[in-house]
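With the working numbering applied, the sequence shown covers 436 to 549. Ideal Cβ placement from N, Cα and C applies to all residues, glycine included. Fair warning: this is a prediction, and the values are worked out from it, not measured in the lab. To keep things clear, I will list the structure first and then write my remarks on it.
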Amino acid sequence: MEQTFAEIKLFQVKPEKLEQFEALAAAMAKEQKNQEGCIAIKYMKRFYTIDGIELGEAPRELSKIVKCVKYYSYWEFDSKEHYGKAIKCFFDTYNKELQKLLIAPFDISCGYSI
Numbered sequence: 436m437e438q439t440f441a442e443i444k445l446f447q448v449k450p451e452k453l454e455q456f457e458a459l460a461a462a463m464a465k466e467q468k469n470q471e472g473c474i475a476i477k478y479m480k481r482f483y484t485i486d487g488i489e490l491g492e493a494p495r496e497l498s499k500i501v502k503c504v505k506y507y508s509y510w511e512f513d514s515k516e517h518y519g520k521a522i523k524c525f526f527d528t529y530n531k532e533l534q535k536l537l538i539a540p541f542d543i544s545c546g547y548s549i
């Protein structure tokens with residue numbers, strides 16, 4: 436199996452900025468997909484939890500916002516070199532606007548697939 440290089444970002448979005456974040460995420464995803472070596476880019480909004488349910492049952496929908504709404508992105512590349520170029524472009528283009536929508540800087544974890 437060929438290894439790919441991927442990152443996961445966690446965004447903690449201010450409750451009053453959800454619409455702006457989702458519009459920006461759509462624009463970011465379109466641009467991210469066009470980066471050289473990009474295999475996939477996906478965004479997910481945390482809507483559900485398995486806390487308080489019996490295993491095997493459907494997840495429980497979250498009922499209220501406590502401080503922020505969590506979004507995650509998964510960005511996958513054919514090499515870490517292509518990722519390096521793409522993440523520079525991402526920061527240069529979106530970081531300033533993005534930080535205004537968050538309660539804290541976004542968290543990035545990256546590495547090779549296993």
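Linking Lys523 to Asn530 through their CA atoms gives a straight-line distance of about 10 Å. Taking the CA atoms as reference points, Tyr507 sits about 21 Å from Ser514. Approximately 5 Å separates the beta-carbon atoms of Gly472 and Phe512; this is inside 8 Å, confirming the contact. For the pair Lys535 and Gln447, the CB atoms are not nearer than the 8 Å cut-off. Look at Leu536 here: in three-state DSSP terms it is coil, with no helix or strand label. Just so you know, the alpha carbons of Asn469 and Ile485 end up roughly 35 Å apart. Annotation for Glu496: Phe482 and Tyr483 place their beta carbon closer than 7 Å to its own, counting only its chain and skipping 5 residues before and after. In the three-state reduction of the DSSP assignment, Phe456 falls in the helix class, which pools H, G and I. Between the alpha carbons of Leu537 and Gln455 lies a gap of roughly 11 Å. The DSSP assignment places 440-448 and 473-480 as complete runs of the beta strand (DSSP E) inside the stretch 437-503, in order along the chain (cut-off: 3 residues). Rounded to whole angstroms, the separation of the alpha carbons of Ala462 and Phe541 is 17 Å.
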